[in-house]
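Read left to right, the sequence shown gives residues 235 to 542 (the working numbering). Each residue gets a CB set at the ideal place from its N, CA and C atoms; glycine is no exception. For reference, the structure is listed below as structure tokens.
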Amino acid sequence: MTLKTMAIKSMHNKNFCNLNAKNTLKEFLKEELLLSNKAIKTSYISKNALQSSLKEKGELYLPHDLLNRSLVNPIYHGPEIEVIEENDIFIVVNKPHGIHGHPMDYSETNTVLNFMRKRFNLSSLGKKGGDYEKGLLYRLDQLTSGVLIYIKDELIHQNLRDSFGQIAKEKTYLAIVNGKVEEELKLEDRLISSGVKGEKMIISEAGSEASLKLRPLYYHESKDLSLVEVSLYEGHRHQIRVQLSNAGFPIVGDPIYNDNYQSGDKRLYLHAYQYCLEVNGHLSCFKAKTADLFCDLLDLNSLVDVAS
């Protein structure tokens with residue numbers, strides 16, 4: 235986009251004066267703004283509008299999110315985020331429950347990456363291109379809290395994501411579940427997505443292999459609740475949630491996989507407690523020791539290090 239092809243009329247990049255006539259708005263978006271078909275399809279611009287013609291020097295309005303596609307907004311007003319560690323390669327945070335790791339559009343501001351851009355002024359988050367997950371090594375569900383790792387360098391990030399199965403030596407979670415877990419269990423299932431847009435995972439022979447180890451840490455008899463440690467292997471979407479539910483130990487506060495879910499539950503009681511990565515022959519372990527699930531349900535602050 236240059237001043238030879240258009241004149242910018244607004245400091246917010248919303249209103250334009252197109253200097254050249256175009257057969258359709260879609261043609262303008264592809265040729266002048268270099269937007270992909272996918273970006274145009276998800277722009278919320280109607281099909282009729284996309285097929286409308288543009289007159290020379292006609293004023294044009296475009297959505298802010300479309301013009302800032304794949305940029306991360308530097309505004310953040312979400313909950314406080316604890317920085318566990320920062321070094322030359324990583325920024326490790328303790329993600330609060332109830333927020334996303336990355337935004338879906340520029341207007342979304344209260345995610346971990348918004349916090350990252352505001353707190354650390356990371357230039358890569360202000361660049362166009364790529365997707366909104368840029369820098370994050372893996373995903374955590376919106377409802378899950380705990381260790382989340384950001385990679386500063388774009389090339390290192392891509393290399394580590396591509397080899398994540400090899401470098402991730404330990405992925406340990408803590409959960410509070412219904413029922414008494416009396417012994418260590420190895421759960422092995424096959425998972426496949428189901429429902430509208432695959433929002434739910436189910437057990438199916440046609441699915442991908444999923445395995446984890448479950449170890450009991452504490453049992454609250456009067457509430458019939460167990461604190462458990464989960465050693466995760468593959469890391470599929472909702473893997474811990476669906477496998478524990480299938481084993482008869484659904485996670486407290488899970489609105490999808492717990493049939494006893496109560497709307498008054500404060501949160502999903504699942505926490506990414508520790509991730510260990512081996513990079514260039516060096517093992518680094520990161521722990522998120524602070525989580526409200528240790529104090530607002532079973533008063534378990536004294537047991538946080540049980541899983542270490």
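Contacts around M245, its chain only, beta-carbon distance under 7 Å, and the 5 residues preceding and following it disregarded: Position 11 of the sequence shown holds residue 245. Caution is warranted here: a pLDDT of 34 is assigned to M245, below 50, making its placement in the model unreliable, and the coordinate value is therefore given only provisionally. If the five residues before and after M245 are omitted, its C-beta is found closer than 7 Å to no C-beta atom of its own chain.
Proximal residues to D499 (C-beta, below 7 Å), its chain only, five neighbours per side dropped: The residue labelled residue 499 in the question sits at position 265 within the sequence shown. So the list reads V486, G487, once near-sequence residues are dropped.
Check whether L394 and L371 have beta carbons under 8 Å apart: Numbered from 1 along the sequence shown, position 160 holds the residue referred to as residue 394. Numbered from 1 along the sequence shown, position 137 holds the residue referred to as residue 371. Yes. Within cutoff.
K457 - DSSP class collapsed to helix/strand/coil: Position 223 of the sequence shown, counted from the start, is the residue given in the question as residue 457. Coil.
Distance between beta carbons of Y453 and S460, contact taken as under 8 Å: To locate residue 460, count along the sequence shown from 1; it is residue 226. To locate residue 453, count along the sequence shown from 1; it is residue 219. Between S460 and Y453, the beta carbon gap of about 5 Å places them in contact (Cβ cut-off 8 Å).
Outcome for P313 when other beta-carbon atoms lying within 10 angstroms are tallied against a minimum of 16: Numbered from 1 along the sequence shown, position 79 holds the residue referred to as residue 313. With fewer than 16 other Cβ atoms within 10 Å, it is exposed.
Contact set for K289: own chain, Cβ-Cβ below 7 Å, skip 5 residues either direction: For the purposes of this step, residue 289 is taken as residue 55 along the sequence shown, with counting starting at 1. Shown here for K289: same chain residues with a beta carbon closer than 7 Å to its own, the five before and five after excluded, namely A255 in chain order.
Exposed unless 16 or more other CB atoms sit within 10 angstroms - verdict on E463: Here residue 463 is taken as the residue at index 229 of the sequence shown, counted from 1. By the neighbour-count rule (16 or more Cβ atoms within 10 Å), E463 is buried.
Where K420 falls: helix, strand or coil (DSSP): In the sequence shown, counting from the first residue as 1, residue 420 sits at position 186. Here K420 sits in strand by DSSP.
Bridge-paired residues (DSSP) for T343: On the sequence shown, position 109 is the one that residue 343 refers to. Per DSSP, none; premise fails for T343.
V306 - DSSP class collapsed to helix/strand/coil: Taking the first residue of the sequence shown as 1, we reach residue 306 at position 72. Correct three-state label for V306: coil.
For N257 and S287, believed in contact at Cβ under 8 Å, the rounded distance: Taking the sequence shown and counting its residues from 1, the one referred to as residue 287 is at position 53. Taking the sequence shown and counting its residues from 1, the one referred to as residue 257 is at position 23. Confirmed, about 6 Å.
Residue from S456, A440, L382 with nearest C-alpha to C519: What you label residue 519 is simply residue 285 of the sequence shown in a count that begins at 1. Ranking S456, A440, L382 by Cα distance to C519 puts L382 first.
Through-space distance from Y503 to A525, alpha-carbon basis: By one-based count along the sequence shown, residue 525 stands at place 291. By one-based count along the sequence shown, residue 503 stands at place 269. Across the structure, A525 and Y503 are spaced so that their CA atoms are roughly 10 Å apart.
Segment limits, alpha helix (DSSP H) that includes V476: Locating residue 476 in the sequence shown gives position 242, counting from the first residue. 473 to 480 is the span of the alpha helix (DSSP H), which, as asked, contains V476.
Whole-angstrom C-beta distance between D375 and H472, which should lie under 8 Å: For the purposes of this step, residue 472 is taken as residue 238 along the sequence shown, with counting starting at 1. For the purposes of this step, residue 375 is taken as residue 141 along the sequence shown, with counting starting at 1. Contact flag correct, Cβ pair sits at about 7 Å.
Cut-off 8 Å between Cβ atoms - residues of its own chain near S479, not counting five sequence neighbours on either side: Sequence index remark: in the sequence shown, residue 479 carries index 245 (1-based). In chain order, I485, D488, Y491, N492 place their CB closer than 8 Å to the CB of S479, counting only its own chain and leaving out the 5 sequence neighbours on each side.
Host beta strand (DSSP E) of R393 (start-end): For this step, residue 393 is matched to residue 159 along the sequence shown. A small fix is needed here, since residue 393 is Asn in this sequence, not Arg. Looking at the DSSP string, N393 is not in any beta strand (DSSP E); the run it does join, the alpha helix (DSSP H), is 388 to 396.
Strand pairing of T406, partner residues [DSSP]: As a working mapping, residue 406 is identified with position 172 in the sequence shown. T406 is bridged to S465, Q508.
Buried versus exposed, by CB contacts within 10 Å (16 or more), V181: Residue 181 lies beyond the stretch modelled for the chain, which goes from 235 to 542, so this question has no answer here.
R449 versus K414, G441, K361, G515, residue with shortest Cα-Cα distance: Your numbering for residue 449 matches position 215 in the sequence shown. Closest option to R449, Cα to Cα, is K414.
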